[in-house]
Amino acid sequence: QKEVEQNSGPLSVPEGAIASLNCTYSDRGSQSFFWYRQYSGKSPELIMFIYSNGDKEDGRFTAQLNKASQYVSLLIRDSQPSDSATYLCAVANNNDMRFGAGTRLTVKP
Amino acid sequence: EAGVAQSPRYKIIEKRQSVAFWCNPISGHATLYWYQQILGQGPKLLIQFQNNGVVDDSQLPKDRFSAERLKGVDSTLKIQPAKLEDSAVYLCASSLGWSLGGAETGELFFGEGSRLTVL
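Structure below.
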């Protein structure tokens, strides 16, 4: 069974702070890693993808991947109330993409 | 560019009844997915198509769920008979496909989902 684990939260941070979201996965053959954001009642939308070890930055978002530890994270700098959502970690091995249960983030003004 | 279209958006049925959901992916996307998302959980893959062939249906409850993708474009997911635990949002997603190192082509584009309530 290929597992993707996330802390369900809720994670609460004040506006302007850094939010740190974590994800571990069990399939060592996984090649691609994605973070999706899902607002309540809406469908997931892609924030970032990463497939090499290290950091990848895009604006206020930084994805970090450590394949040896089977760990991927998402940092959100200068968190805004509009970032309040559930963040889904997705892990893919070629065509097979699996999602974690998501971490609910609340950014308080 | 038109997104992934799904219908109906909402459906309420009684247990043991049947229901069908329809999905039209983004034009040119070879891969189509059906996910089930129960409230408070992440999306669970039910079935994946590559063009009109099934790639993975290992988590599809085949005694009651069926899906097809005729001509490699539209897809239909059917549940017959429905159970209370089938209450969920059924998400259809599509992607261009995959190539080694081409993670960006693996991005899934989701439809708005079909919310099913089984009473």
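Chains as they are written, first to last, in our numbering: chain A, 442 to 550; chain B, 15 to 133.
Here a beta-carbon is modelled for each residue, glycine too, at the ideal position from N, C-alpha and C.
Keep in mind that this is a model prediction, so the values were computed, not measured.
query: Going along chain B in order, which residues have a C-beta closer than 9 Å to the C-beta of Asp-537/A?
result: Leu-59, Gln-62, Val-69, Asp-70
query: Across which residues does DSSP place Gly-25/B in a beta bridge pair?
result: Looking at the sequence itself, residue 25/B is Lys, so the reference to Gly does not match. The partner list for Lys-25/B (beta bridge, DSSP) reads Leu-130/B.
- prompt: Does the distance from the C-beta atom of Gly-56/B to that of Gly-541/A stay below 7 Å?
  reply: yes
message: Please identify, using Cβ separations under 9 Å, the residues of the region 501 to 512 of chain A that lie next to chain B, in order along the chain.
response: none
- prompt: Under a three-way DSSP split, which group does Glu-99/B fall into?
  reply: helix
Three CB pairs or more closer than 8 Å across the region 39 to 57 of chain B and the region 91 to 111 of chain B: yes
- prompt: DSSP beta-bridge partners for Gly-495/A?
  reply: Leu-506/A
message: If the criterion is Cβ atoms closer than 7 Å, does the pair Tyr-528/A and Thr-544/A meet it?
response: yes
Any C-beta of chain A under 7 Å from that of Glu-121/B: yes
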